[in-house]
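Below is one structure; the comments refer to it alone.
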Amino acid sequence: MVEFKPQIPAKREFLGGDLLAQALRHLGVEVAFGVHGGHLDAFLVGAEECGIKLVDTRHETTAVQAAEGYAKVSGKVGVCFVTANSGFANGLAGLATAYADRSPIFVVTSSPPLQDAETNALQGFHDQVVVSKPLTKFSHRVTNVEEIPRIVAYGMRSANSGIKGPVLIDFPIDVLFTPPQMHRIAFGAITAPPAYNAAPDPAAVDNVIGQWNKAKRPVIITGTGARGTDAALVKLAEATHSPVFYSNKFSSPIPANHELRGGMATRLAAFAGGPQPDFVLLLGARTGFLLGGRGGAIIPNKDCVLAQVDLDGSEIGKSHAVEIGIVSDVGLFAEALLEKKSKISVKRNDEWIRDCRDHKSTLSNYIKGGEVMPDGLLHPYLAMNAFMRALPKDSIIMIDGGEAGQWAAMTVEAAEPKVAIVSTGYLGHLGNGWGYSLGAAVADPSRLVVNVHGDGSAGFHIQELDTFARFGLNILTLVANNYVWGMSLNGQELIYQGKSQARPAIRLSKSCKYEVVAQGFNNDGAFVDKFEDIKPTTERMSRSGKPGLINMIVSPQPTTPATLSMVGMTEDKNVIVVPYYDNVPRPYYKDGAATADGSK
61 MVEFKPQIPA
71 KREFLGGDLL
81 AQALRHLGVE
91 VAFGVHGGHL
101 DAFLVGAEEC
111 GIKLVDTRHE
121 TTAVQAAEGY
131 AKVSGKVGVC
141 FVTANSGFAN
151 GLAGLATAYA
161 DRSPIFVVTS
171 SPPLQDAETN
181 ALQGFHDQVV
191 VSKPLTKFSH
201 RVTNVEEIPR
211 IVAYGMRSAN
221 SGIKGPVLID
231 FPIDVLFTPP
241 QMHRIAFGAI
251 TAPPAYNAAP
261 DPAAVDNVIG
271 QWNKAKRPVI
281 ITGTGARGTD
291 AALVKLAEAT
301 HSPVFYSNKF
311 SSPIPANHEL
321 RGGMATRLAA
331 FAGGPQPDFV
341 LLLGARTGFL
351 LGGRGGAIIP
361 NKDCVLAQVD
371 LDGSEIGKSH
381 AVEIGIVSDV
391 GLFAEALLEK
401 KSKISVKRND
411 EWIRDCRDHK
421 STLSNYIKGG
431 EVMPDGLLHP
441 YLAMNAFMRA
451 LPKDSIIMID
461 GGEAGQWAAM
471 TVEAAEPKVA
481 IVSTGYLGHL
491 GNGWGYSLGA
501 AVADPSRLVV
511 NVHGDGSAGF
521 HIQELDTFAR
531 FGLNILTLVA
541 NNYVWGMSLN
551 GQELIYQGKS
561 QARPAIRLSK
571 SCKYEVVAQG
581 FNNDGAFVDK
591 FEDIKPTTER
601 MSRSGKPGLI
611 NMIVSPQPTT
621 PATLSMVGMT
631 EDKNVIVVPY
641 YDNVPRPYYK
651 DGAATADGSK
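Quick note on the numbering used here: the sequence shown kicks off at 61 and runs consecutively.
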């Protein structure tokens, strides 16, 4: 790495803010997302002068999420800035999702002067380091201006090595506005090359090959840890004749037209009740609700060998019995397997490969009733499918929302996307799609970015349409509008079917004209309520090169299969239905009624 030599401005004093900006630029940072705050001015001026592009958003949550979206698409650390306390507090939601989803982001924040600690100073109430520690890999306050490069290098390395995640550094305003003593600057590891990744134990690789060779119905399931392994993963899948599915956190690098691309891992639930996979290799994919929980629909609970590769050893076997656990970088693991390709003798199962492929391309069973539902509104699955098919191939698709997001996830393979991400992540956090789309569009301006929402999630950060327009970003937003919180309404209907309970807090406005809102923010806007208009409208707006929004009116029915599965309604009186989780046994039961004392 090139030596770091701070550049002194010709016409003004060199400040801590310059040192911070130049340290980040030296480490490869090209863009930072954020909202202005006076505490950060010394840094923002320095960033502008050293070539860091500043993308100012309309809300700090979106800025942090944009850094995360940028990281997901670019593979680099996403950088953002939020001002002291008020901005920091707004950014916590983004920090929480980045931590849950292992996204490498670097958050710059500031605070009042050090001498004003515990004086009720402006924007100085919360200790930002203490508040953010549970939500970060590393959180720190710099109290000495000369230590900035060392701490920045440490933070960047923390964010992007091993188990990736967010870091937050607090640079008090007086530190940013203080000129450093040049001879005292601590550079730390700012000129050190990246650390080598962890490689697998050779004996573990042999064990995986031995178990894989016995399989008749093998599959690979990838997660975010498989990002950047495109070539090696394709070769591995082909050498083992194994269909590749992906966690909805990040789509598979297997080409869309490849016979071994299986689509989202949720499609494996279609095999429940029939021949399921007998060998599953998890590559950088964590178990949990995104992979069907512990129910066995996606990852079978019996008659299946489960091998898991992850940099975090604590994730291995966290919720499933694992026969082979390997702590390793996914790319190095794939390469290690390919080096022993001569030992791989997995028999090709054409029927299994065809079944996995067919489940990806077959239309859903939830298409009864035609293009228009009895309420006169568009069938949500068919409308979403038509939208996906009209998109340019190799787009980047961000999926937000509840039931709208589920319809999108079921149909996204029809778009043959370059990248597809369900933005709600492990927190089920609605609204992330706005920031993710922004970050993705900045990371890869060569592609159309598609920002899919329901009318519920659309309302979280719709003001970022202004940011899309100001920066001329090629983002097409779809609002699948059914005038309700779809998952909430349908979940209540399943729980209280035929009963008199109210259906609280689930209605949205039929009069809200999202396309007009878009036009007010200088985006194209279109209204679609006829099936035949979906394709031409989508094609036209996809080609415009400017941001746009389609307000597509769909029916709240039918209920998505995912909602049906998550609510888990049953006639069994011996269990308590716990919506969105596994049902639990009723502790006391006698003659059709629960008893207080547990008598039988």
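Quick reminder that beta carbons are idealized off the backbone N, C-alpha and C, glycines included.
Relative to the C-alpha of residue i, which candidate in the options has its C-alpha closest?
| i | options | result |
| --- | --- | --- |
| His-186 | Val-168, Asp-526 and Ala-149 | Ala-149 |
| Phe-331 | Arg-417, Tyr-640 and His-86 | Arg-417 |
| Ile-281 | Gly-323, Gln-241 and Pro-647 | Gly-323 |
| Ser-571 | Arg-530, Thr-122 and Val-544 | Val-544 |
| Gly-147 | Val-115, His-99 and Gly-138 | His-99 |
| Trp-272 | Ile-314, Lys-400 and Arg-507 | Lys-400 |
| Val-91 | Ser-307, Thr-300, Met-470 and Phe-166 | Phe-166 |
| Pro-254 | Pro-239, Met-216, Arg-287 and Asp-290 | Met-216 |
| Thr-484 | Glu-319, Ala-299, Ile-459 and Ile-636 | Ile-459 |
| His-96 | Leu-79, Pro-69, Thr-143 and Ala-107 | Thr-143 |
| Pro-313 | Lys-295, His-301, Thr-300 and Ala-299 | Lys-295 |
| Gln-188 | Ile-229, Leu-549 and Tyr-214 | Ile-229 |
| Pro-66 | Arg-72, Pro-232 and Asp-78 | Asp-78 |
| Lys-606 | Leu-624, Asp-584 and Pro-618 | Asp-584 |
| Lys-132 | Val-502, Arg-603 and Gly-333 | Val-502 |
| Tyr-130 | Gly-94, Leu-152, Asn-145 and Asp-101 | Gly-94 |
| Gly-333 | Asp-363, Thr-347, Ala-446 and Trp-494 | Asp-363 |
| Asp-515 | Thr-300, Asn-541, Arg-346 and Glu-524 | Asn-541 |
| Val-387 | Ile-376, Tyr-486, Leu-397 and Gln-561 | Ile-376 |
| Val-369 | Pro-360, Gly-344 and Gly-532 | Gly-344 |
Leaving out five residues on either side along the sequence, give the residues of the same chain with a beta carbon under 7 Å from the beta carbon of residue i.
| i | result |
| --- | --- |
| Lys-590 | none |
| Arg-162 | Ile-223, Lys-224, Gly-225 and Thr-284 |
| Arg-9 | This structure does not reach residue 9, given that the chain is present from 61 up to 660, and the question cannot be answered. |
| Pro-505 | Asn-534 |
| Val-89 | Ile-112 and Val-139 |
Does DSSP classify residue i as helix, strand or coil?
| i | result |
| --- | --- |
| Asp-584 | strand |
| Met-448 | helix |
| Ile-566 | coil |
| His-513 | strand |
| Ile-233 | helix |
| Val-95 | coil |
| Val-268 | helix |
| Lys-660 | Annotation note: pLDDT 47 at Lys-660 (below 50); position unreliable, coordinate value reported separately. Of the three classes helix, strand and coil, the one that applies to Lys-660 here is coil, per DSSP. |
| Gln-82 | helix |
| Asp-290 | helix |
| Thr-282 | strand |
| Gly-373 | helix |
| Arg-408 | coil |
| Pro-262 | helix |
| Tyr-486 | coil |
| Phe-185 | coil |
| Ile-359 | coil |
Is it buried or exposed, residue i, if we count other Cβ atoms within 10 angstroms and call 16 or more buried?
| i | result |
| --- | --- |
| Glu-473 | buried |
| Glu-592 | exposed |
| Lys-660 | Confidence in Lys-660 is poor, its pLDDT being 47 and thus under 50, which makes the residue's placement too unreliable to answer from. |
| Gln-241 | exposed |
| Tyr-441 | buried |
| Arg-567 | exposed |
| Gln-552 | buried |
| Ser-218 | buried |
| Ile-68 | exposed |
| Tyr-556 | exposed |
| His-521 | buried |
| Pro-260 | buried |
Can you tell me which residues form a DSSP beta bridge with residue i?
| i | result |
| --- | --- |
| Ala-345 | None, per the DSSP bridge assignment. |
| Gly-608 | Leu-536 and Asp-584 |
| Arg-201 | Asp-230 |
| Gln-617 | Answer by DSSP bridge pairing: none, since Gln-617 is not bridged. |
| Ile-208 | Paired residues: none, contrary to the question. |
| Gln-552 | For Gln-552, which the question treats as bridged, DSSP gives no partner whatsoever. |
| Gly-138 | Ile-165 |
Within its chain, find whatever has a CB closer than 6 Å to the CB of residue i; leave out the 5 residues flanking it on each side and keep chain order.
| i | result |
| --- | --- |
| Gln-466 | Thr-620 and Ala-622 |
| Tyr-640 | Met-626 |
| Ile-358 | Ala-325, Leu-328, Ala-329, Leu-351 and Gly-352 |
| His-439 | Glu-431 and Met-433 |
| Val-227 | Phe-166, Thr-196, Lys-197, Phe-198, Gly-215, Ser-218 and Ala-219 |
| Phe-587 | Glu-575 and Asn-611 |
Once you ignore the five residues that flank residue i on each side, which residues in its own chain have a CB closer than 8 Å to its CB?
| i | result |
| --- | --- |
| Arg-277 | Pro-335, Gln-336, Pro-337, Asp-338, Phe-339, Asn-409 and Trp-412 |
| Asp-176 | Gly-184 |
| Gly-151 | Glu-120, Thr-121, Ala-123, Val-124, Cys-140, Val-142, Val-167 and Thr-169 |
At a cut-off of 7 Å, would you count residue i as near the ligand GDP, judging by its Cβ distance to the nearest heavy atom?
| i | result |
| --- | --- |
| Thr-527 | For the structure depicted, the ligand GDP is absent and the ligand set is empty, with no information on it obtainable. |
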